[in-house]
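Chains as they are written, first to last, in full-length UniProt numbering: chain A, 1 to 69; chain B, 1 to 69; chain C, 1 to 69; chain D, 1 to 69; chain E, 1 to 69; chain F, 1 to 69.
Each residue gets a CB set at the ideal place from its N, CA and C atoms; glycine is no exception.
The block underneath contains the structure these notes are about, expressed in structure tokens.
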């Protein structure tokens, strides 16, 4: 399935922290920068995420702000 | 001002396309990947964005989905 | 690729309206309800969306509000 | 009050899971598809959500991605 | 209908700018601060928004970032 | 750093509730209205948020819905 979200950044799962409803996943990009994702715990478990997994961070363009200076 | 959004990816403005209400800004990251941002035209003009500008893409963690496999 | 977004509603493209930066796509679900999506024009063109296409509306759980009564 | 969010899908609450800060609510649509909503626990309690309640899932158009193929 | 979005700020429409797909609406709050909303043109027309209208800006809690210092 | 998000509402932290992954922060605006923010616990701790802190609520325009009547 091809999806409309234009931001699909490849990285590696660094850590997964599970709460009761939400989960926090830290992803390392190739250039050393990090992306943090907050998804539901059920989603994290459904994807069976664990440290070291190759992963794609997907972000809709309308969710990206810009900062300058 | 320190902001709560944990995803702040450094890059360079590649292109700015202005519509009547919205604008699309393409940002190149250091590792060669791209991020596209859709902000209001007024915001783009306020930041005086132009190709080559150093820029930070700011994304709230709750907006980041993950894809695997 | 399996994605974390848990809402993936199957439907059919009813209409596509292209602006200069954004596009509006109306999707009909099987039960007769409609979903409207606002994505970038570039995404709509990249997916080559046209009326009648089978399509999946993808929505992150944290974006879904609830109304009652 | 009439609201601008154009996606208002009617369904029935299937389950409510309360965490300390967030809550996950599963909604069944008439056509058998499901929508999952992650809202604050305080909101879920304020709406007194329980299984079987008629409910409306409200989604802003800019939050809807599309997948094809 | 009672909705889960906990941020419902009362104000007055100051201006409406219509694009082909999107619209930008500026809302003045009672304390003099402004809120800008980007919704679809179709939504703006459906609400028949015009300068001076009493209006409520509705924002899901998960969309609110914080800045300090 | 100047950021593109056009909604930056000044207020005061009223309360901070920490969950395992997420945190809920209630902000009082000058006009007596409240804004609730759901951010990650890690962000809340990084900003060292506590009751009485001056704070700015930052909201991207595309996240603001409108309600009328």
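Beta-carbon gap between residue i and residue j smaller than 8 angstroms
{"i": "residue 28 of chain D", "j": "residue 14 of chain D", "result": "yes"}
{"i": "residue 35 of chain A", "j": "residue 57 of chain A", "result": "yes"}
{"i": "residue 19 of chain F", "j": "residue 20 of chain D", "result": "yes"}
{"i": "residue 49 of chain C", "j": "residue 16 of chain C", "result": "yes"}
Where residue i falls: helix, strand or coil (DSSP)
{"i": "residue 5 of chain E", "result": "coil"}
{"i": "residue 30 of chain A", "result": "coil"}
{"i": "residue 20 of chain C", "result": "coil"}
{"i": "residue 51 of chain D", "result": "coil"}
CB contact below 8 angstroms: residue i versus chain B
{"i": "residue 19 of chain E", "result": "yes"}
CB contact check: residue i to chain C, cutoff 8 angstroms
{"i": "residue 28 of chain B", "result": "no"}
{"i": "residue 12 of chain E", "result": "no"}
{"i": "residue 70 of chain A", "result": "In the structure as shown, chain A begins at 1 and stops at 69. Residue 70 of chain A is therefore absent and cannot be evaluated."}
{"i": "residue 51 of chain A", "result": "no"}
Cutoff 8 angstroms: residue i Cβ touching any chain D Cβ
{"i": "residue 1 of chain C", "result": "no"}
{"i": "residue 40 of chain F", "result": "no"}
{"i": "residue 60 of chain A", "result": "yes"}
Beta carbon proximity, residue i to chain A, threshold 8 angstroms
{"i": "residue 43 of chain C", "result": "yes"}
{"i": "residue 56 of chain C", "result": "yes"}
{"i": "residue 25 of chain D", "result": "no"}
{"i": "residue 37 of chain B", "result": "yes"}
Cβ separation of residue i and residue j, assumed to be a contact under 8 angstroms, to the nearest whole Å
{"i": "residue 61 of chain E", "j": "residue 7 of chain E", "result": "7 angstroms"}
{"i": "residue 59 of chain E", "j": "residue 59 of chain F", "result": "6 angstroms"}
{"i": "residue 64 of chain D", "j": "residue 37 of chain C", "result": "4 angstroms"}
Residue i classed as buried or exposed, judged by whether at least 16 other C-beta atoms fall within 10 angstroms
{"i": "residue 32 of chain B", "result": "exposed"}
{"i": "residue 69 of chain D", "result": "exposed"}
CB contact check: residue i to chain F, cutoff 8 angstroms
{"i": "residue 33 of chain E", "result": "yes"}
{"i": "residue 66 of chain A", "result": "yes"}
Proximity test, Cβ basis, 8 angstroms: residue i and chain E
{"i": "residue 16 of chain D", "result": "no"}
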